[in-house]
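Residue numbers (this note's numbering): 112 to 161.
Ideal Cβ positions, reconstructed from N, Cα and C, are used throughout, including at glycine.
Note that the structure is a prediction, hence the values are computed from the model and not measured.
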Amino acid sequence: FLFIFSFTFKCLKLWFSSLFLNMFYHLNIQLKTLFSFLTCSETNIEASSS
């Protein structure tokens, strides 16, 4: 019984870690895209104002 429990726990831990990594990865990509978009718009505004 304990063996099955530990095995399930390990599987859950693996699944959660992979899920967390996937979420973090996608969030990182979205943040990078947003950041690049913001910097691009800022440089565009600076270029148009000058």
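Reduced DSSP category for residue i - H, G, I as helix; E, B as strand; rest coil
i: F114; result: helix
Check: residue i C-beta below 7 Å from any heavy atom of the ligand NAP
i: L130; result: The ligand NAP is absent from the structure shown, which contains no ligand whatsoever.
Close beta carbons around residue i, own chain, < 6 Å, minus the five adjacent residues each side
i: H137; result: none
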